[in-house]
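Some notes on the structure that comes next.
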Amino acid sequence: MKKKIFKIVLLLGTFISMFYVPWILVWAWILPLQNTVQEQVDEAIGHGFDGMIVYVDEAGKPPAFYTGGFKDREKEIPADPKSLFKIASISKLYTAVSIAKLAKDNHLSLDDTLTDYFPELADRIENAEKITLRLMVQHRSGIPNFTDNAAYWENEQENGKKALEFALDLPASFAPDNGYEYSNTNYLLLRKIIDKVLGYSHEQYIKEKILLPLKLNNTFFSLKEVNIDDVMSGYYVGIDTDFKTNENGMLATAEDVGIFIRALNDGSVFNAGEKEIYTSIYEYEHGGLVPGYQSLTAYYDDIDTVVVQFINTTDFNGYDWNLSEIVFNRIEKILRREISQRN
10 MKKKIFKIVL LLGTFISMFY VPWILVWAWI LPLQNTVQEQ VDEAIGHGFD
60 GMIVYVDEAG KPPAFYTGGF KDREKEIPAD PKSLFKIASI SKLYTAVSIA
110 KLAKDNHLSL DDTLTDYFPE LADRIENAEK ITLRLMVQHR SGIPNFTDNA
160 AYWENEQENG KKALEFALDL PASFAPDNGY EYSNTNYLLL RKIIDKVLGY
210 SHEQYIKEKI LLPLKLNNTF FSLKEVNIDD VMSGYYVGID TDFKTNENGM
260 LATAEDVGIF IRALNDGSVF NAGEKEIYTS IYEYEHGGLV PGYQSLTAYY
310 DDIDTVVVQF INTTDFNGYD WNLSEIVFNR IEKILRREIS QRN
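In structure tokens, the structure reads:
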């Protein structure tokens, strides 16, 4: 009897919860799989995304580009695969690679603590004397995420110039190495540490050690370095504004990101001994999210394929992020099916 009641309650709970799930997500998930990646991109635009770029690099074949929707909605300019896009947290991969390289060259140690570099933060970041660089790379430091501070978003462009202040004097999320919490503050501090140990900017180091060797000529660190007309517009649901002119850090083409993701996974971005260090500290793919821009990357080892997805629409509740993940997963299934049919 108890088991029967439990099943009824479980079914009732499932039924009720469906009213709180956006039907666009359910619909996008249950639709029959499209025949091609381009058809999947077109379907995604039909779900409400403004514009989309997909880059596919399958080993042994020329890279493929797929686009849908608009690069600029107001001017009705179609999405351009060569557009620059704000890659947001994908940039953490470039920082993590830099940390691995510097650790191998003994410019720093992963076991150094935050206070070894910034003793002035001992009284402003809880447990600073116990937080190592390794824990910061892995988001296991417990340092609060400055973008989780509501005050930061009251004037994000101005506050971005003093972002660290929005994580100071707050209680730790957890004791060092006793939890996991994604925190942009970790990487803000890591970039400052790179600047300090080198005596010059992390941007210059990344350019010299990653971008130039891989010939990534369409990867930049700021809007100041690019022609604004080359940047894909960015939109936020419910706000009639183009976020293109907001400064949000690194920009790149989908192709440049794809080349980097392959080099990261096949090890060609590393010198001897560096990949082993990197593997011990961070991941090999990443997503990115800032107002108006969301991106996903993946390398599928068994089919030796890199996929990069850029979408220039975001929203407050995160449903568009969930929708982008569904689309990304469907693209993977289409590619696997195509490869299987060829073989």
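Just so we're aligned: the sequence shown equals residues 10 to 352 in my numbering.
All C-beta atoms in this analysis are idealised placements derived from N, C-alpha and C, irrespective of residue type, glycine included.
Just so we're clear, the structure is a prediction, and the values are computed from it rather than from any experiment.
Asked	Found
DSSP beta-bridge partners for E67?	T314
Contact between the segment 303-317 and the segment 261-276: three or more CB pairs below 8 Å?	yes
Taking the beta strand (DSSP E) that K80 falls in, what are its first and last residues?	A73 to D81
Go through its chain and collect everything with a Cβ distance to V336's Cβ below 6 Å, but skip five positions before and after it.	A53
Which residue marks the beginning of the alpha helix (DSSP H) containing L221, and which one marks its end?	Here L221 belongs to no alpha helix (DSSP H), and DSSP marks it neither H nor E.
Answer yes if the segment 318-336 comes into contact with the segment 194-201, meaning at least three C-beta pairs across the two stretches below 8 Å, and no otherwise.	no
Rounded to whole angstroms, what is the Cα-Cα separation between L119 and V106?	13 Å
Please go through the segment 148-180 and give each complete alpha helix (DSSP H) segment of 4 or more residues, from N-terminal end onward.	165-168
I believe I96 touches G327 by the beta-carbon criterion, under 8 Å. Please report the beta-carbon distance rounded to the nearest angstrom.	Wrong, their Cβ atoms sit about 19 Å apart, outside the cutoff.
Quick check: the segment 157-165 against the segment 134-145, are at least 3 beta-carbon pairs closer than 8 Å?	no
Report yes if the C-beta distance between F74 and D59 is below 7 Å; otherwise report no.	no
Do you know offhand how far E129's Cα is from E174's?	13 Å
Does the separation of the CB atoms of K205 and Y126 fall below 7 Å?	yes
Considering Cα atoms alone, identify which of Y191, N226 and N274 is closest to D355.	Past the edges of the chain, shown from 10 to 352, lies residue 355, and the structure says nothing about it.
With burial defined as no fewer than 16 other Cβ atoms inside 10 Å of the residue's Cβ, what is the status of A263: buried or exposed?	buried
Helix or strand or just coil, what does DSSP make of T104?	helix
Compute the beta-carbon to beta-carbon distance between L225 and D265, rounded to the nearest angstrom, for a pair I have assumed lies under 8 Å.	5 Å
With DSSP as the reference, label F229 as helix, strand or coil.	strand
Per the DSSP calculation, V278 is bridged to which residue(s)?	BP columns for V278 are empty, so no partner.
Closer than 8 Å by C-beta to F279: which residues in its own chain qualify, once you throw out the five before and the five after it? Chain order, please.	V106, A109, K110 and Y287
Count Cβ pairs between the segment 338-350 and the segment 41-55 that sit closer than 8 Å; are there 3 or more?	yes
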